[in-house]
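2 protein chains.
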Amino acid sequence: MDERAALALLEGELDPVGDDAAVVDGLIVTTDMLHERTDFPPGTSRYTAGWRSVGASLSDVAAMGAGATAAVAAYAAPEFVEDELLAFVRGARDVCELVDGEYVGGDLDGHEEFTVATTAIGRTDDPVPRSGARPGDVVCVTGTLGRSAAALELFRRGERETDPDARGRANELFRFEPRIAAGRALAPHATAMMDSSDGLARSLHQLTEASDCGFAIDGEAIPVDDAVRSVSETDREALERATTFGEDFELVATVPETALEAVRDAVDVPLSTIGTVLESDDGISLDGEPLADRGYTHGEG
Amino acid sequence: MDERAALALLEGELDPVGDDAAVVDGLIVTTDMLHERTDFPPGTSRYTAGWRSVGASLSDVAAMGAGATAAVAAYAAPEFVEDELLAFVRGARDVCELVDGEYVGGDLDGHEEFTVATTAIGRTDDPVPRSGARPGDVVCVTGTLGRSAAALELFRRGERETDPDARGRANELFRFEPRIAAGRALAPHATAMMDSSDGLARSLHQLTEASDCGFAIDGEAIPVDDAVRSVSETDREALERATTFGEDFELVATVPETALEAVRDAVDVPLSTIGTVLESDDGISLDGEPLADRGYTHGEG
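Line order of the protein sequences matches chains A and B.
In terms of this note's numbering, the first sequence has 93 at position 72, counting the first letter as 1, and numbering is strictly consecutive.
In terms of this note's numbering, the second sequence has 137 at position 116, counting the first letter as 1, and numbering is strictly consecutive.
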């Protein structure tokens with residue numbers, strides 16, 4: 022069974038599977054596990070690893086339209102090196118502070134492969150599900166897509182820093198601001214929302230499944246990050262990376278067209294309208310062509 | 022740096038380190054990571070693994086005197102086998118239901134070694150720290166000690182079940198009831214509290230460090246479980262295992278002598294008074310002999 026089949030199996034067992042995070046008793050709870058081999062390519066500093074792993078969970082909180090309350094991390098490594106550990110905690114704490122959450126530590130654990138498990142907790146009275154998109158709604162994306170793809174390409178080309186606290190260009194691109202504030206601003210208007218951690222293409226497919234709808238997406242409108250353009254040979258390659266690589270942790274939301282102006286006023290980051298919601302029979306098209314369900318499957322990358 | 026040195030390092034960085042769980046904004050949050058090699062000996066069924074890993078985090082919530090709100094788990098394994106996954110979830114859910122918490126799922130992740138990261142969330146307005154024990158207080162322990170040591174010995178002797186859902190004798194001993202109800206009943210009276218996950222001896226040492234006190238412990242009064250007696254050659258060996266093996270997830274609390282009767286009435290499980298709190302200069306003695314700081318260090322076992 023691959024990860025997606027296993028998740029589908031659990032949907033029958035556990036109600037909350039299917040959204041970015043669980044909702045329980047007014048709280049939003051989400052957990053992730055990341056591993057050196059699959060999630061932290063050579064060059065990723067421990068500062069970035071701390072930021073990124075905790076940030077990934079905070080992004081799930083953001084995707085529900087919730088505020089960030091707290092995050093914890095379990096840090097497992099073959100050895101505990103003071104500089105590495107402190108850099109990790111610094112990154113974890115900085116990303117929490119950026120979104121007004123509190124990093125409250127966690128567990129330490131001896132383990133062969135550097136592995137991090139994070140949990141973030143948020144609060145909202147009115148979580149935004151993936152299931153409410155309606156034909157006629159507009160599809161929006163926060164920020165830009167392709168930063169992580171660009172970071173990976175730079176790491177691959179040798180932009181590797183050895184300082185655990187390194188924050189150079191590739192590491193900078195590999196970090197991100199969890200869209201807590203944008204998610205809260207979108208929440209009163211959004212009919213459906215999730216984050217783009219598995220890539221825009223896969224996110225759109227997951228939204229159509231949850232909302233029983235289709236999408237017409239305009240390739241020109243997709244906010245391709247300059248960094249991924251600069252490491253790509255063609256615009257087409259850059260668009261492909263921005264659409265399918267994932268790990269960008271932007272929000273993908275659907276909002277009624279009448280709410281678009283209010284949303285633009287409220288959201289504090291660039292917001293691109295990239296398409297419209299159709300009936301489910303229409304499927305998902307990018308510039309008129311069917312958009313395949315390709316993207317990043319966590320733990321298999 | 023070993024795990025304890027690393028934890029000591031982080032105490033300077035993060036305030037909440039030093040209690041069983043962090044307190045933030047009215048919530049109790051705690052996280053743990055467990056690995057097949059160090060935490061799930063051959064014979065442990067996936068049902069037991071789900072129960073035990075989530076239960077360990079719930080025990081930390083109990084140690085703060087809090088009620089259980091929710092728990093999540095990230096499940097990482099080389100492959101996802103339907104029976105194993107469902108048995109794990111069943112165990113995780115059953116232990117949550119036992120303490121009126123909600124298991125809300127988590128993350129799935131491909132990984133070489135079966136690894137579980139759990140987070141539990143609780144609520145209390147008045148968390149019990151490790152730091153309030155006062156000379157003259159009585160030292161109490163819930164339940165019995167040595168169940169996990171007995172389970173391990175039975176696994177070692179070949180009592181291994183292959184069914185993922187197995188709940189035979191060794192697996193039964195390897196599960197436990199997180200002391201949420203007892204913790205809540207103790208909370209109004211307890212001056213200090215923690216769980217015995219690292220063994221009674223180490224817990225007592227940690228309480229003396231936090232509370233700046235000493236203890237006189239009566240070996241006869243330590244509630245040695247019958248199961249660990251039955252796998253030990255002598256009473257002395259059984260007591261040694263019950264005192265230092267750990268992983269039993271009982272509560273160790275100090276309460277004023279005047280509150281003892283009220284505590285006994287309120288707590289719904291056997292409660293043993295095993296000693297008294299002394300001044301810090303007195304150190305920790307067991308039947309008049311110094312009690313060494315020996316026990317289970319997570320992740321190194």
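For every residue, glycine included, the Cβ atom is placed at its ideal position computed from N, Cα and C.
Beta carbon proximity, residue i to chain A, threshold 8 Å
| i | result |
| --- | --- |
| residue 319(B) | Residue confidence for residue 319(B) is low, a pLDDT of 46 falling below 50, so the modelled location carries little weight and cannot support an answer. |
| residue 40(B) | no |
| residue 129(B) | yes |
| residue 37(B) | Legend: pLDDT at residue 37(B) = 43, less than 50; position of this residue unreliable, value from coordinates given subsequently. It does; some Cβ of chain A falls within 8 Å. |
| residue 22(B) | yes |
| residue 173(B) | no |
| residue 299(B) | no |
| residue 207(B) | no |
| residue 312(B) | no |
Neighbour flag for residue i against chain B, beta carbons, 8 Å
| i | result |
| --- | --- |
| residue 77(A) | no |
| residue 125(A) | yes |
| residue 145(A) | no |
| residue 119(A) | no |
| residue 136(A) | yes |
| residue 292(A) | no |
| residue 316(A) | no |
Below-8 Å beta-carbon distance, residue i vs any chain D residue
| i | result |
| --- | --- |
| residue 214(B) | The chain inventory of the structure shown lacks chain D, comprising the protein chains A and B. |
Residue i vs residue j beta-carbon contact at 8 Å
| i | j | result |
| --- | --- | --- |
| residue 197(B) | residue 270(B) | yes |
| residue 24(B) | residue 129(A) | yes |
| residue 205(A) | residue 122(A) | no |
| residue 294(A) | residue 237(A) | no |
| residue 221(A) | residue 264(A) | yes |
| residue 262(B) | residue 167(B) | yes |
| residue 171(B) | residue 246(B) | yes |
| residue 142(A) | residue 142(B) | yes |
| residue 298(B) | residue 158(B) | yes |
| residue 59(B) | residue 195(B) | no |
| residue 140(A) | residue 69(A) | no |
| residue 314(A) | residue 223(A) | yes |
| residue 137(A) | residue 191(A) | no |
| residue 101(A) | residue 214(B) | no |
| residue 240(A) | residue 225(A) | no |
| residue 75(B) | residue 116(B) | yes |
| residue 217(B) | residue 267(B) | yes |
| residue 53(B) | residue 84(B) | no |
Residues that residue i contacts on chain A, provided the C-beta gap is smaller than 8 Å
| i | result |
| --- | --- |
| residue 46(B) | 90, 91, 123 |
| residue 65(B) | None at all; the shortest Cβ gap to chain A is about 18 Å. |
| residue 43(B) | 91, 93, 125, 126 |
| residue 70(B) | By Cβ distance, chain A contributes nothing, its closest Cβ being about 15 Å from residue 70(B), past 8 Å. |
Supposed close pair residue i, residue j - CB separation, criterion 8 Å
| i | j | result |
| --- | --- | --- |
| residue 212(B) | residue 155(B) | 6 Å |
| residue 161(A) | residue 280(A) | Contact doesn't hold; Cβ gap of about 10 Å is too wide. |
| residue 301(A) | residue 235(A) | 5 Å |
| residue 112(A) | residue 47(A) | The Cβ separation is near 29 Å, so there is no contact. |
| residue 56(A) | residue 134(A) | 6 Å |
| residue 249(B) | residue 148(B) | In fact, because the Cβ distance is near 31 Å, the residues do not count as touching under 8 Å. |
| residue 103(A) | residue 30(B) | 6 Å |
| residue 201(B) | residue 292(B) | Not confirmed; about 15 Å, so no contact. |
Partner residues on chain B for residue i, Cβ-Cβ distance less than 7 Å
| i | result |
| --- | --- |
| residue 53(A) | 95, 128 |
| residue 50(A) | 91, 93, 125, 142 |
| residue 56(A) | 132 |
| residue 27(A) | 101, 106, 129 |
Where residue i meets chain A, residues with beta-carbon distance less than 9 Å
| i | result |
| --- | --- |
| residue 225(B) | Ordered by position in chain A, no residue passes the 9 Å Cβ test against residue 225(B), which lies about 22 Å from the chain. |
| residue 194(B) | What residue 194(B) touches in chain A: nothing, since even the nearest Cβ is about 24 Å away. |
Interface partners of residue i on chain A, CB under 7 Å
| i | result |
| --- | --- |
| residue 30(B) | 103, 106 |
Task: Short-range partners of chain A found in the stretch 94 to 110 of chain B, where Cβ spacing is below 9 Å - done: Under the 9 Å Cβ criterion, the stretch 94 to 110 of chain B contributes 94, 95, 96, 97, 100, 101, 102, 103, 106, 107, 110.
- [ ] Give, in chain order, every residue of the stretch 228 to 243 of chain B whose Cβ lies closer than 8 Å to some Cβ of chain A.
- [x] Against chain A - using a Cβ distance shorter than 8 Å - the stretch 228 to 243 of chain B contributes no residues.
Open item on the list: At a CB distance below 8 Å, what residues from the stretch 155 to 174 of chain A approach chain B? Give them in sequence order.
Closed with: The stretch 155 to 174 of chain A vs chain B, Cβ under 8 Å: nothing.
- [ ] Give, in chain order, every residue of the stretch 248 to 262 of chain B whose Cβ lies closer than 9 Å to some Cβ of chain A.
- [x] Cβ contacts with chain A come from no residue of the stretch 248 to 262 of chain B.
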